[in-house]
Amino acid sequence: MKKLLLIFYLLFSHIALWACPVCEKQQPKVLKGITHGAGPQNNWDYIIISVVAILVLITLIYSLKYLIKPGEKSESHIKNLFIN
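Written as structure tokens, this is what we have:
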């Protein structure tokens, strides 16, 4: 039963990801066919989205960096209460 549900999910989930024909006509060339709705109203929307995407990418890089190699070497660090 789980396999059948997974197959139906994988077959039909991609339909909701693409824009409908009405929305495609309203989108700019860059986003045509990708998203629903009217899309960005002016150039400030692209700037805001770009800045936020860069911040998210920087946050992801630093979180992975400090998760993989934290760098605390002090014996009195709080992590040593749990590790030792």
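Numbered according to mature numbering (1 follows the signal peptide of the UniProt record, and there is no 0), the sequence shown spans residues -18 to -1, 1 to 66. Cβ atoms here follow ideal geometry from the backbone N, Cα and C, with glycine treated the same way. It should be emphasised that the depicted structure is a prediction, and the values quoted were computed from it without experimental measurement.
Three-state class that DSSP yields for residue i in the structure shown
| i | result |
| --- | --- |
| A20 | coil |
| P10 | coil |
| S56 | coil |
| C2 | coil |
| K(-16) | helix |
Best match in the options for proximity to residue i [C-alpha to C-alpha]
| i | options | result |
| --- | --- | --- |
| V4 | E57, Y44, G19, L(-9) | G19 |
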